[in-house]
Every structure is written in C-alpha cells, then in structure tokens.
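Reading through the structure tokens given below for one structure.
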Amino acid sequence: MDTRTGSHASHNAKFQSGAIQTDAVIVGAGPVGLFQVFELGLLEIKAHVIDSLPNVGGQCVELYPDKPIYDIPAVPECTGQQLTDNLLKQIEPFGPTFHLNQEVTLVERREDGRFNLETSTGTCFVTRTIFIAAGVGSFQPRALRVDGIEQFEGTQLAYRVKNPEQYEGKNIVICGGGDSALDWALNFVGKAESVVLLHRREEFRAAPASVAKMKELCENYEMQFLVGQITGYETRDELLSEIKVTGTDGVTRRLPLDNLLVFFGLSPKLGPIAEWGLEIERKQLKVDTEKFETNVPGIFAVGDINTYPGKKKLILSGFHEAALAAFGAAPYIFPEKKIHMQYTTTSPKLHKILGVESPVFD
1 MDTRTGSHAS
11 HNAKFQSGAI
21 QTDAVIVGAG
31 PVGLFQVFEL
41 GLLEIKAHVI
51 DSLPNVGGQC
61 VELYPDKPIY
71 DIPAVPECTG
81 QQLTDNLLKQ
91 IEPFGPTFHL
101 NQEVTLVERR
111 EDGRFNLETS
121 TGTCFVTRTI
131 FIAAGVGSFQ
141 PRALRVDGIE
151 QFEGTQLAYR
161 VKNPEQYEGK
171 NIVICGGGDS
181 ALDWALNFVG
191 KAESVVLLHR
201 REEFRAAPAS
211 VAKMKELCEN
221 YEMQFLVGQI
231 TGYETRDELL
241 SEIKVTGTDG
251 VTRRLPLDNL
261 LVFFGLSPKL
271 GPIAEWGLEI
281 ERKQLKVDTE
291 KFETNVPGIF
301 AVGDINTYPG
311 KKKLILSGFH
321 EAALAAFGAA
331 PYIFPEKKIH
341 MQYTTTSPKL
351 HKILGVESPV
361 FD
C-alpha cells in the first residue's frame, strides 16, 4: 500500500470523479467474506464485495462444492455450496454489491484518511475501511510439472471436478495423497470404467477412514493404487493416451487413460496484497485479536489469510473474527456514534434492519 498521502495525483483525479463511495470494501467472497457482510449490516454498514473468481463461495464452492462440512455450529452437515447459498440468503437484507472476476490492484491512503482502491477491471472505490477475507489469497491449484502436458488442461487434464458425470465410463488416473484425491477416487469407483490412484509415496495426508476404504477397494480389485510420479506422456490422434509413471524402484511404466485428475493442493499467492504495506508472516497477514486489524489502521483481515497467536484455520474462527472486525471498524465509519452491542433475538432495531417482525411476548 502506498502510505504517502497525496503522492498519486493522476490516481487521485480518477478517484475524485466516478469512484464508488462506500464505507466498507470486502476483498474475498468466501464464507467468511459473506458473513462479514452480515456483521457489518447489523451495524448499518453497507459493503461492496470483490472477488477474483467468477462466482461467490471462494474455495468452498470452487474446489469442494459437494464435499460435506460438519463443523458449522447448529448445522450438523452441509456442503460448501449449501453453506454459501445459506449465507447469501442471510445477507439478502443488506443488499451487498458484488464485483466478481476482478482482483484489487491498488490500495492507497488518501489525505482525508480514507482509501483509494482500484480493481483489475478499472473499478474504483473510495472507502473508509477494507476487510481482507481472501482465504489463502489468490489461490491456484498446484500444477503437474511435466513439459507440454498443460495442452490437455480443460479437456483431459483437470485440477478440480466441475462436472462429475463427464468421468462416468472413463479410465481415470487421480494424482495426489490428500482428502480431495481420496474422496474423488472413492466417488468414481463403480461409475468410471477404471480408477487408478497415483501418489508419490505410501503415506497419505487424507482421513484414515478414506485410506482404509481405498485399500479395501484395491484388495477387491475395484480400483488400483500405484506409488510413483508422472514423468512423461504419450498421445494418439492429438489426445492424451498414456502417462509414463516412474516408480520408487526407478522403473518407468506406461499407464493408459482417458482423463487425468490432479490434486496437489493449493499454492497460495498473495498477489497484489503483498504490496499494500501490510505486515506479513509466512504469506499471512498479522492482526491483533481485539479487532482483527492489520498494522494499517482501517484495514482488517479475517479468515484463513490472517495470523495471530493460537490461530486455527476454521470457518468457525473466521465468523468470530468477522464479528469483532465489524465492531472494530465502526468507529472509523461513525466516529460520533457510540456503538452498542445488540442481540438479533430481542432488538427491534435489528429486526427492522433484517426485515423481520419483532416478536410479541405475553
């Protein structure tokens, strides 16, 4: 972040006219970013939400839309997509504005204490506060490093499953040793023509129950597990027809396939956030635990992108952080106003904000 006040005259001209004036901009539309809208809304603070992805829901929807989540309070089980849908319904009363398929490219402090903020599509904001809820940043799946194999991306090579039906009746090879690799391998057994799980070692980072189930299926010849790494490939009629797998014994074997699914995890990229003058520790933003504010006053960080002593990367923790960050931001937006803690159960004011009827108690 450029903290030199008034140093960008050309930028400032652009921000004087045509910029969206707002009290809060949230960077990231995952579950924590969406809940930040709710917590701000209860304090009558309207938010604009920016995300680099084309849809809301963040990592939950992009990578695991159908995967069950079991640790959301009072929700015994829901998928990433269901959680996102419910959060969107919850924040409807606050009418947030979403700016998708764009990332923040510029943040600078203005002379009046507010921030100029610009996105990759040229959308400009003047905002009093910024909430960074960008998960692990601009996350990208870790790519398979085999020369030339990227030409099959989007056809036969994929780093996420968007349409499970397309793999039915196919010969699939799944690479990886984490939950995603195991989950999809187990999912496709009985639907795909054949399933081969390929991992560079015998040990897994996945749930033990999934590993046990996979080994049981292998013993029953319903799927196959190989230890090794992809070192090359063969084509036929310009299609990927075989991969070359080098085992721990140094022998390279050929493995025919129709589709290759790779789950090597995410590579966090802070991207432009790294240049905003924020204190960073291991690609995460350092915050206090009172307001979840960064070292730059008025910029808050919630969810997986922040770090503090005892931090746990749970959606639950992010929700708690969003509540305290909203209260921490209120004095910047309403400097003259004393902010009182109110409960949605009993507060007629909050009932009005939420558009619900106040209950009548006898």
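Residue numbers (my numbering): 1 to 362.
Yeah, the Cβ is synthetic: ideal placement off N, Cα and C, and Gly gets one too.
Model, not experiment: these values are computed from the prediction.
Reduced DSSP category for residue i - H, G, I as helix; E, B as strand; rest coil
i: Phe188; result: helix
i: Leu34; result: helix
i: Leu260; result: strand
i: Gln229; result: strand
i: Ile149; result: helix
i: Pro331; result: helix
i: Thr3; result: Because Thr3 carries a pLDDT of 43, less than 50, the predicted location of this residue cannot be relied on, and the following value inherits that uncertainty. In the structure shown, Thr3 sits in coil (DSSP, three-state: anything other than H, G, I, E or B).
i: Ala19; result: coil
i: Asn86; result: helix
i: Phe319; result: helix
i: Gln224; result: strand
i: Ser120; result: coil
i: Leu324; result: helix
i: Ile91; result: coil
i: Thr345; result: coil
i: Ser358; result: coil
i: Lys286; result: strand
i: Ala143; result: coil
i: Pro68; result: strand
i: Leu42; result: helix
i: Glu202; result: coil
i: His8; result: Residue placement at His8 cannot be trusted, given a pLDDT of 48 that sits under 50; the coordinates are not used to answer.
i: Leu182; result: helix
i: Ala274; result: helix
i: Ile130; result: strand
i: Glu336; result: coil
Residue nearest to residue i in terms of C-alpha spacing, selected from the options
i: Gly28; options: Ala212, Phe98 and Gly41; result: Phe98
i: Asn55; options: Thr84, Glu77 and Ile45; result: Thr84
i: Ala329; options: Phe15, Gly30 and Val37; result: Val37
i: Leu182; options: Lys170, Glu193, Leu198 and Phe15; result: Leu198
i: Val189; options: Asn220, Gly318, Gly178 and Gln82; result: Asn220
i: Phe225; options: Ile172, Gln166 and Glu92; result: Ile172
i: Glu193; options: Leu257, Glu44, Glu77 and Thr307; result: Leu257
i: Ala143; options: Ser210, Leu260 and Phe125; result: Leu260
i: Glu62; options: Gly80, Gly177 and Ala47; result: Gly80
i: Leu278; options: Lys312, Thr289 and Thr294; result: Thr294
i: Gly298; options: Thr346, Ile130 and Ser358; result: Ile130
i: Pro31; options: Leu87, Glu77 and Tyr70; result: Leu87
i: Cys124; options: Glu77, Ile230, Thr105 and Gln82; result: Thr105
i: Gly271; options: Val107, His48 and Thr289; result: Val107
i: His414; options: Gln342, Glu77 and Phe292; result: The requested residue 414 is not part of the displayed model; the chain covers only 1 to 362.
i: Asn187; options: Arg200, Phe204 and Ser210; result: Ser210
i: Arg201; options: Ser347, Thr248, Gln156 and Ser180; result: Thr248
i: Thr344; options: Ile353, Glu238 and Lys170; result: Ile353
i: Lys312; options: Ala19, Gln284 and Ala212; result: Gln284
i: Ile50; options: Leu255, Cys78, Phe35 and Leu100; result: Leu100
i: Phe35; options: Thr246, Tyr308 and Ser317; result: Ser317
Residue burial classification, residue i (beta-carbon count within 10 angstroms, cutoff 16)
i: Ser7; result: The pLDDT assigned to Ser7 is 41, lower than 50, so where the model puts this residue is not dependable; a value taken from the coordinates is nonetheless given after this. Ser7 is exposed by the Cβ-count criterion.
i: Ala206; result: buried
i: Met223; result: buried
i: Met214; result: buried
i: Lys349; result: exposed
i: His340; result: exposed
i: Leu53; result: buried
i: Gln364; result: Residue 364 is absent from the structure shown; the chain starts at 1 and stops at 362.
i: Thr235; result: exposed
i: Tyr233; result: buried
i: Leu314; result: exposed
i: Arg282; result: exposed
i: Gln166; result: exposed
i: Thr22; result: buried
i: Tyr332; result: buried
i: Leu217; result: buried
i: Glu39; result: buried
i: Thr127; result: buried
i: Gly177; result: buried
i: Leu157; result: buried
i: Pro274; result: Per the sequence presented here, residue 274 reads as Ala, with Pro not at that position. Exposed.
i: Gly95; result: exposed
i: Ser358; result: exposed
Range covered by the alpha helix (DSSP H) that runs through residue i
i: Leu350; result: Pro348 to Leu354
i: Ser213; result: The question names Ser, yet the displayed sequence has Lys at residue 213. Lys213 -> alpha helix (DSSP H) spans Pro208 to Glu219.
Boundaries of the beta strand (DSSP E) in which residue i is found, first to last residue
i: Ile50; result: Ala47 to Ile50
i: Thr246; result: Leu239 to Thr246
i: Ser194; result: Ser194 to His199
i: Ile172; result: Asn171 to Cys175
i: Arg109; result: Val104 to Arg109
i: His99; result: Thr97 to His99
Any chain C beta carbon closer than 8 angstroms to residue i
i: Gly176; result: Among the protein chains of the structure shown there is no chain C, as only one such chain exists.
Does the stretch 116 to 124 come close enough to the stretch 60 to 80 to have 3 or more Cβ pairs within less than 8 angstroms?
Result no; under three Cβ-Cβ pairs closer than 8 angstroms.
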